[in-house]
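Below you'll find the structure, written out as structure tokens, and then a few comments.
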Amino acid sequence: VTEGVLTRRLQHDPTLDGIGLVVFDEVHERNLPTDVGLALALDARDAVRPDLRVLAMSATPDTKGLLKVLGADTPVAASDGRLHPVDIVWAPMGKQDRPVEACAALVLRALREQAGSVLVFLPGIGEIRRVQGMLEGAVPPDVDVYPLAGALTQAEQDHALQPSPPGRRRVVLSTDIAESSLTVDGVRVVVDAGLARVPRFDQRTGMTRLTTVSTSRASADQRAGRAGRTEPGAAYRLWSKLEHSTRRAHLEAEITQVDLAGLALELAAWGTPAGELRWADAPPPRTLQQGIELLARLGAVDGDGRITAVGRQMLALPLHPRLAHMVVAAAPADRPLACVIGALLDERDVFRGRPDELPADLALRVGVVCGQVHDRADGRDVRRVRDRAEDLARRAGVPFDLDLVRPDRCGAVLALGYPDRIAVRRTQPGQFQLRTGSGAFVPPTDPLAEERFVVAADLDGKRDQARIRIGAALDTAELMEALADQIERREALVWDKGRDDLVQRVEMRLGGMLLDETVRAAPAREETVAALVERVRVSRLGALIWPDSAIALRARVAFLRRERGDEWPDWSDAALVRTLDDWLAPYLVGATGRADLERLDTGMLLSAQLGWDMSVQLADLAPPTLQTAAGRSVTIDYARDVPTARVRVQDLFGTKVHPTVAGGTVPVALELLSPADRPVQITRDLPGFWAGTWADVRKDMAGRYPKHQWPQDPANADPKRLK
């Protein structure tokens, strides 16, 4: 059985009733299912099955690491096996060489120098296809070239594994699937590019990406051993002996490099904390915690980390927790679609071609599974996905009928498994912002480029600008439906610059992502008063209307504050801004916007702060006007350094005493004007002016304005009004 099947059986029956020995083969590969199965089996042995025997096997074991897990007193058995000698040929690339071209050239060299079939190790299907293209037409006529990878159909794999007919040789281009999982008969030559493609989990983005790395020394030995199974052979390595000595002894354990949400779910169901289990390499705490947090968002574990009923339903499905939750949580009408999506995302892509050339739209793939025709679709892969979807439906108790599958619901269903991968389109087509704040994109020509919302199921893992490999469109209504419990409604009163008015902005947000926004008139309530006060504060009183009368009132009070001290209020801009809540806010009850601010009589608001007694004193000590002997009312300007009145000199005929304010202590500066309102002189001593310079002024005025009367003794003259 596979390690996954063992884990399922342990979860169902930790006693492993009827089993006396569990054998773990190829433990050097350090894949996650092996480490999990071994940890649970040992925990079951310690807790309920002390008689259970556990055997770990490998051709290239990390004995020290295994003894750390199994126990220092665990017996170690070694066997030399029956491998034939294998000559190692070191063939390092030049600095300017590319691995694919160098590997193809090395294969041709091996075919010239060696007899028998050749097994070539390459990191992925892309490199396999490129090397295959270079070799076809270049190999001798008696040589056939076959690809071998997990991404190929079973028929294609069987074709590569069949022995060659007499008189013919084969070149099998393989991923590390042929390192231990599959045996290629008739091979006596290995060509090793020395590379492997492994998953790497990025803790910052929460995404897994495939990374090409150099193989370990143990892996290289494992690969070389394939050349000596039936007779002496040779292994050509695309690196130097010196470089080989610097490589890692063993591959990094998968548990330290991948997404651990599945492990977190297994441990929640098992009930033993990760720290109490035996690991060769313990799961990284941060990565495991991220997996637990994802499970919590999906409802698979409770606040204490215990598995929920939903989590147990998810565990019963052979899918990543995201996909399992999608199947479990989908509405009944959407569950057949969820099974199809789960199969599509858990299997190899049904579309063929360079990844950069494939459309990202998941709905296109679902449509193909349901019978639609697409030139990128691989019929064998489509059939495999259909079979897998039907199996998932059976396991989940879902009636399965492809006629019930609606591709247009892909986004709504996908969001159930990837709530953190919802993205909103930015200004440019194809540019998106993920809910996490990171950027993502599809080419501008992709069917998803113009969608407002998408769900990204497969990203290339780049931190700041990940390419969406597979995703689905999601409309606002579907988003609200799928994630209703995670969507936050936010109301805010803001000053809209375009309208130059206070408005209420209602936002629907998913984390930091804006889903919908409505702008409407601000309501009449307490928060609106505070928002209007804040607007006045920010504008430094500029949001209010200040007529001349209000400005003059503030100047009069400021004058008395200078003359009489702090008994008079401070009505400077800074002081009024500080005290808005006292003198302005009470008059904004029921107000909703700019028009209400502009309707306020600011002079009246400030006068109300003085009270009756102080208002009477203000009128007496700082009157707004003075009455001339001619009966004219003249405004006194208190905003200047000294109170000043602009008055025609003729209006002062008959005035013997200089006008004063502040209880007679401050003379008003008189700016004397001609009949044409042109300045003649400024005085703060009118009797002195009459007695002194008036004679010269009189002569000048008489010359300029001969029709007017210019008395020699203006203090005792009858005042005359000029018409």
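So that you can map any letter, position 685 of the sequence shown is 1040 in this note's numbering, and since no number is skipped, the others follow by simple counting.
Cβ coordinates follow ideal geometry from the N, Cα and C atoms, glycine included.
All of these numbers come straight from a predicted model, not from anything done at the bench.
query = Using the beta-carbon count (16 or more within 10 Å), is residue 549 buried or exposed?
reply = Translated into the one-based positions of the sequence shown, residue 549 becomes position 194. Buried, because 16 or more other Cβ atoms sit within 10 Å of the Cβ of residue 549.
task = Grab the span of the alpha helix (DSSP H) containing residue 484 for me, first residue to last.
result = Mapped onto the sequence shown, residue 484 falls at position 129. Unbroken alpha helix (DSSP H) run through residue 484: 480-490.
Cβ-Cβ distance between residue 683 and residue 669 below 8 Å = For the purposes of this step, residue 683 is taken as the residue at position 328 of the sequence shown. For the purposes of this step, residue 669 is taken as the residue at position 314 of the sequence shown. Taking 8 Å as the Cβ cut-off, residue 683 and residue 669 qualify as a contacting pair.
task = Note down, one range per segment and in chain order, each alpha helix (DSSP H) of at least 4 residues found wholly within the segment 982-1066.
result = 1041-1046, 1049-1059
request  = Under 8 Å by Cβ, that's how I've got residue 407 and residue 377 pegged, so tell me the actual separation to the nearest angstrom.
outcome  = Counting from 1 along the sequence shown, the entry for residue 407 is found at position 52. Counting from 1 along the sequence shown, the entry for residue 377 is found at position 22. With 8 Å as the limit, residue 407 and residue 377 qualify as a contact, their Cβ atoms being about 7 Å apart.
Buried or exposed (CB count within 10 angstroms, at least 16 for buried), residue 634 = Stepping through the sequence shown from its first residue, residue 634 is reached at position 279. Buried, because 16 or more other Cβ atoms sit within 10 Å of the Cβ of residue 634.
request  = Give a yes or no on whether the C-beta atoms belonging to residue 815 and residue 822 are separated by under 8 Å.
outcome  = Translated into positions along the sequence shown, residue 815 becomes position 460. Translated into positions along the sequence shown, residue 822 becomes position 467. In contact: residue 815 and residue 822 (Cβ atoms closer than 8 Å).
Spatial distance of residue 654 from residue 382 (CA atoms) = Residue 654 sits at position 299 when you count from the first residue of the sequence shown. Residue 382 sits at position 27 when you count from the first residue of the sequence shown. Rounded to whole angstroms, residue 654 to residue 382 spans 34 Å at the Cα level.
ask   = Does the beta-carbon of residue 415 have 16 or more other beta-carbons within 10 angstroms, so that it is buried, or is it exposed?
value = Position 60 of the sequence shown holds residue 415. Classification of residue 415: buried, given that the 10 Å Cβ count is 16 or more.
inquiry  = Assess contact between the segment 746-756 and the segment 716-724, defined as three or more Cβ pairs (one per stretch) separated by less than 8 Å. Is contact present?
reply    = no
query = Distance, Cα to Cα, residue 1007 vs residue 1026?
reply = Position 652 of the sequence shown, counting from 1, holds the residue named residue 1007. Position 671 of the sequence shown, counting from 1, holds the residue named residue 1026. Computed Cα separation, rounded: 11 Å.
ask   = Cβ of residue 528 within 8 Å of Cβ of residue 502?
value = For the purposes of this step, residue 528 is identified with residue 173 of the sequence shown, where counting begins at 1. For the purposes of this step, residue 502 is identified with residue 147 of the sequence shown, where counting begins at 1. A contact, by the Cβ cut-off of 8 Å.
key: Buried versus exposed, by CB contacts within 10 Å (16 or more), residue 1065   = Here the question's residue 1065 lines up with position 710 in the sequence shown. Buried is the call here.
inquiry  = Just verifying my parser: in three-state terms, what is the DSSP assignment at residue 788?
reply    = Numbered from its first residue, the sequence shown carries residue 788 at position 433. The answer is strand: DSSP assigns residue 788 an E or B state.
ask   = Would you say residue 565 touches the ligand FAD, meaning its beta carbon is less than 7 Å from a heavy atom?
value = Here there are no bound small molecules, and the ligand FAD is not part of this structure.
task = Could you say which of 530, 798, 366 lies nearest to residue 623 if we only look at CA atoms?
result = Within the sequence shown, residue 623 is the residue found at index 268, counting from 1. With distances taken between Cα atoms, residue 623 lies closest to 366.
Every unbroken alpha helix (DSSP H) within the segment 579-614, with a cutoff of 4 residues, ordered by chain = 596-601
request  = Name the one or two DSSP bridge partners that residue 914 has.
outcome  = Start at 1 with the first residue of the sequence shown, and residue 914 comes out as number 559. Note: residue 914 sits in no beta bridge, so no partner.
query = Are residue 544 and residue 494 touching if we call contact CB-CB under 8 Å?
reply = Within the sequence shown, numbered from 1, the residue matching residue 544 stands at position 189. Within the sequence shown, numbered from 1, the residue matching residue 494 stands at position 139. Going by C-beta atoms, residue 544 is not nearer than 8 Å to residue 494.
task = Measure the alpha-carbon distance for residue 775 versus residue 960 and round it to whole angstroms.
result = Residue numbering aside, residue 775 sits at position 420 when the sequence shown is read from its first letter. Residue numbering aside, residue 960 sits at position 605 when the sequence shown is read from its first letter. About 53 Å.
query = Looking at C-alpha atoms only, which residue of 890, 888, 931 is the closest neighbour of residue 906?
reply = Along the sequence shown, one-based indexing puts residue 906 at 551. Taking only the C-alpha atoms, the option nearest residue 906 is 931.
request  = Given a cut-off of 8 Å, decide if residue 409 and residue 370 are closer than it, judged by their beta-carbon atoms.
outcome  = The residue you call residue 370 lines up with position 15 of the sequence shown. The residue you call residue 409 lines up with position 54 of the sequence shown. Result no, Cβ atoms of residue 370 and residue 409 do not sit closer than 8 Å.
inquiry  = Please tell me whether residue 1000 and residue 989 are closer than 8 Å, where the distance is taken between their beta carbons.
reply    = What you label residue 1000 is simply residue 645 of the sequence shown in a count that begins at 1. What you label residue 989 is simply residue 634 of the sequence shown in a count that begins at 1. Going by C-beta atoms, residue 1000 is nearer than 8 Å to residue 989.
request  = Pick out the complete alpha helix (DSSP H) segments inside the segment 491-557, 4 residues or longer, and give them in chain order.
outcome  = 509-516, 532-535
Under 8 Å between C-beta atoms of residue 530 and residue 454 = Your numbering for residue 530 matches position 175 in the sequence shown. Your numbering for residue 454 matches position 99 in the sequence shown. Not a contact, by the Cβ cut-off of 8 Å.
query = Is residue 967 helix, strand or coil by DSSP?
reply = Position 612 of the sequence shown holds residue 967. Residue 967: helix per DSSP, three-state reduction.
ask   = Quick one: what's got a C-beta closer than 7 Å to residue 729's C-beta in the same chain, skipping five residues either side?
value = Taking the first residue of the sequence shown as 1, we reach residue 729 at position 374. Around residue 729: 719, 723.
query = Closer than 8 Å, CB to CB, is residue 1010 near chain C or not?
reply = The chain labelled as chain C is not found in the depicted structure, where only one protein chain is given.
task = Return the chain-ordered list of same chain residues with a C-beta closer than 6 Å to the C-beta of residue 438, the five sequence neighbours on each side being excluded.
result = Taking the sequence shown and counting its residues from 1, one reaches residue 438 at position 83. Same-chain partners within the cutoff: 580, 583.
key: Residues that DSSP places opposite residue 565 in a beta bridge   = Residue mapping note: residue 565 aligns to position 210 of the sequence shown, counting from 1. Beta-bridge pairing links residue 565 to 554.
key: Residue environment, residue 431, which counts as buried when at least 16 other CB atoms sit within 10 Å   = The residue you call residue 431 lines up with position 76 of the sequence shown. Its Cβ having fewer than 16 others within 10 Å, residue 431 is exposed.
request  = Helix, strand or coil for residue 357, going by three-state DSSP, please let me know.
outcome  = Against the sequence shown, residue 357 aligns to sequence position 2. Residue state, collapsed to three classes: coil.
task = Classify residue 635 as helix, strand or coil using the three-state DSSP reduction.
result = For the purposes of this step, residue 635 is taken as the residue at position 280 of the sequence shown. The answer is coil: DSSP assigns residue 635 none of H, G, I, E or B.
ask   = Span of the alpha helix (DSSP H) holding residue 624?
value = For the purposes of this step, residue 624 is identified with residue 269 of the sequence shown, where counting begins at 1. Residues 616-625.
ask   = Do residue 1022 and residue 1039 have their C-beta atoms within less than 8 Å of each other?
value = Mapped onto the sequence shown, residue 1022 falls at position 667. Mapped onto the sequence shown, residue 1039 falls at position 684. Contact flag set, yes.
inquiry  = Mapping the DSSP letters down to three states, classify residue 1070 as helix, strand or coil.
reply    = As a working note, residue 1070 is residue 715 in the sequence shown. It is helical.
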